[in-house]
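What follows is a set of notes on a single structure, which appears directly below.
Residue numbers (full-length UniProt numbering), protein chains in the order written: chain A, 1 to 322; chain B, 1 to 322.
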């Protein structure tokens, strides 16, 4: 019982494919469960993967299940997204490695010899060595065009939060700025002290409590849509700040491809829920107002406590013979 | 460079033993760094482990480094703390297993056969099968006696937050209640649908974004002081809700001991920073106001974004001969 019950506490957005446990169905609920809302969602509330904005990373130590799917956010980081596309097209990361895993913070990958000009992997044609920082965008860039869905819930990190094109967003109307929030699974571009020193060659994914203090300090380039478990369950590095002591401790990257360069038959059949759909709004509300196992309903969510669902692309409906 | 730099972004409270990278020392800072504050902290701001409230868990698959140190919170869950002490004294968990690891949520351990009355491990003498729920305590229980340090920063999950005896605490003055907040590394007692159905035999630790929606819904019994990386880096279970499909996928628990039952010479030499010390207040402030690598200072923290530091017990100062 306890197994089932604790699980109910979070069977919400994190695993939309999850069937509602029988026990939950029997328990009284003030609202529909996330599973019920997702089951009732129309096909038009889901979108496919954008081949020009999706990366497929395969880890070398994977037992056939180490695929990480990352969606880029060109609306928030156009320069970095373009550079990352060029890097992926050229196979820049193929054979490189995960160099750092710091518990409750980030998993970081890139060129282990990146600091050594003599040994560093050269940038391919079409990739820029230097890019402007893209820490925020003008607020009006995340309006209707991006289908911005604002959260009524207040938080302390930013005056305004919500979701745009599947990404968690924070904004400051007074400053006229919006930016991607550092939530679990978000992907950013490592930089040195100079704000404009990131070029997308070295990337990190958040694997712990949202480090919102990084917001507006570094360029966020996208989020992991699927495969976080392959990045978050890696052994932590034991050197300073989670770097690996020895090269053999690193997890190798087999390859990183842009989805556009993957044969259509090989592409993952995955869909992402549209965050400007009523299904998403209902899911957020189901997350605020919990029933069943819950004896206290929080009546609140924050932008990093709700993960935008993905699902396997459903089969085409059968066609009548013509 | 990027390695160092991204790291600076978080070299704060998470790893107090960490020497400040040279680059950081050169960079201008509005406040002292966490490392500088910790280096200057007087011995009186640190406390040792309480043998009656500390658990040592050793994972069976550990290469000699799988020790997890958990501190119990009897002020918040006296009944569960007492039961957990009795269970540990009797070696209840020895040879049991980690049964569930759900990405961005929890790692859970206990008796894999706990649901099967015929196979379940019997409770030892002195352990209760049934306990009252301990979801919150009267607000006045976390006043001066607990050295409650209130955070001025507002958040959306609770009207008041702060720290008491090293634990992140949330409170509602109108309701006159206080409770332990579900932050990364916090340990709770799994329950079924009945609020009073937990007895501490099945425990979980938070390994992802703080699931604050669980606050006031389940009994929180303490937090992991050291060894989170051994719980958070485990392979995720692939069955529903992160349970393992096959028994052989589970990580075994070698043993769980109460520190009081461990020979003094074998006890870990670890200290915890007192959260009613000025050192902790300074660390929180250094976390709010960042310098060096940061171009934007958040000016804010929340109760789950600052981890109370531990450190190896420093050697005794040399004694003059008598």
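Note that beta-carbon positions come from the ideal geometry of N, C-alpha and C, so glycine has one too. This structure is a prediction, so every number in the text was calculated from the model and none was measured.
| Asked | Found |
| --- | --- |
| Segments of 3+ residues assigned as beta strand (DSSP E) that fall wholly inside the region 199-232 of chain B | 203-206 and 219-226 |
| Sequence ranges, alpha helix (DSSP H) only - wholly within the region 261-292 of chain A, length at least 4 | 278-288 |
| Buried versus exposed, by CB contacts within 10 Å (16 or more), residue 112 of chain B | buried |
| Touch test, the region 216-233 of chain A against the region 88-97 of chain A, Cβ-Cβ under 8 Å, three pairs minimum | no |
| Proximity winner among A/40, A/278 and A/300, relative to residue 149 of chain A (alpha-carbon distances) | A/278 |
| Beta-carbon proximity check, residue 184 of chain A vs residue 208 of chain B, cutoff 8 Å | yes |
| Inter-residue CB distance, residue 94 of chain A and residue 256 of chain A (contact presumed, cutoff 8 Å) | 7 Å |
| Environment of residue 202 of chain A [buried if 16+ CB atoms lie within 10 Å] | buried |
| For residue 315 of chain A and residue 9 of chain B, the rounded distance between their alpha carbons | With a pLDDT of only 38 at residue 9 of chain B, under the threshold of 50, the placement of this residue in the model should not be trusted, and no figure is reported. |
| Host alpha helix (DSSP H) of residue 37 of chain B (start-end) | 34-39 |
| Ordered list of beta strand (DSSP E) runs contained in the region 79-105 of chain B, each at least 3 residues | 97-101 |
| Short CB-CB distance (under 8 Å) between residue 67 of chain A and chain B | no |
| Alpha carbon of residue 289 of chain B to alpha carbon of residue 297 of chain B, nearest angstrom | 5 Å |
| Alpha carbon of residue 145 of chain A to alpha carbon of residue 84 of chain A, nearest angstrom | 24 Å |
| 8 Å Cβ cutoff, residue 236 of chain A in contact with chain B | yes |
| Residue interval of the beta strand (DSSP E) (run including residue 163 of chain A) | 160-164 |
| Neighbour flag for residue 186 of chain B against chain A, beta carbons, 8 Å | no |
| Neighbourhood of residue 310 of chain B by C-beta distance below 7 Å, restricted to the same chain and skipping five residues each side | 225, 226, 270, 271 and 272 |
| Top-ranked residue by Cα proximity to residue 133 of chain A, from A/188, A/48 and A/46 | A/188 |
| Distance CB(residue 276 of chain B)-CB(residue 147 of chain B) smaller than 8 Å | yes |
| Closest residue to residue 127 of chain B among B/82, B/258 and B/154 (Cα-Cα distance) | B/82 |
| Sub-8 Å separation of residue 220 of chain A and residue 186 of chain A beta-carbons | yes |
| Contact with chain B by residue 256 of chain A, beta-carbon distance below 8 Å | no |
| Identity of the residues DSSP links to residue 307 of chain A by a beta bridge | In the DSSP output, where bridge partners are listed per residue, residue 307 of chain A has none listed. |
| Straight-line gap, residue 174 of chain A to residue 130 of chain A (C-alpha atoms, nearest Å) | 30 Å |
| Reduced DSSP category for residue 176 of chain A - H, G, I as helix; E, B as strand; rest coil | coil |
| Inter-stretch contact at 8 Å, needing at least 3 Cβ pairs: the region 210-217 of chain B / the region 233-249 of chain B | no |
| Under 8 Å by beta carbon: chain C residues contacting residue 295 of chain A | Absent from the structure is chain C; the protein chains it does hold are A and B. |
| For residue 36 of chain B and residue 53 of chain B, believed in contact at Cβ under 8 Å, the rounded distance | 31 Å between Cβ atoms; not a contact. |
| Rounded Cβ spacing between residue 170 of chain B and residue 215 of chain B (contact assumed at less than 8 Å) | 6 Å |
| Test item: CB-CB of residue 181 of chain B and residue 172 of chain B under 8 Å | no |
| DSSP three-state assignment for residue 23 of chain A, whether helix, strand or coil | Low local confidence applies: a pLDDT of 38 at residue 23 of chain A is under 50, so the model's placement there is unreliable, and no value is given. |
| Test: residue 308 of chain A CB closer than 8 Å to a CB of chain B | no |
| Three-state class that DSSP yields for residue 112 of chain A in the structure shown | coil |
| Rounded C-alpha distance that separates residue 32 of chain A from residue 120 of chain A | 53 Å |
| Beta carbon proximity, residue 92 of chain B to chain A, threshold 8 Å | no |
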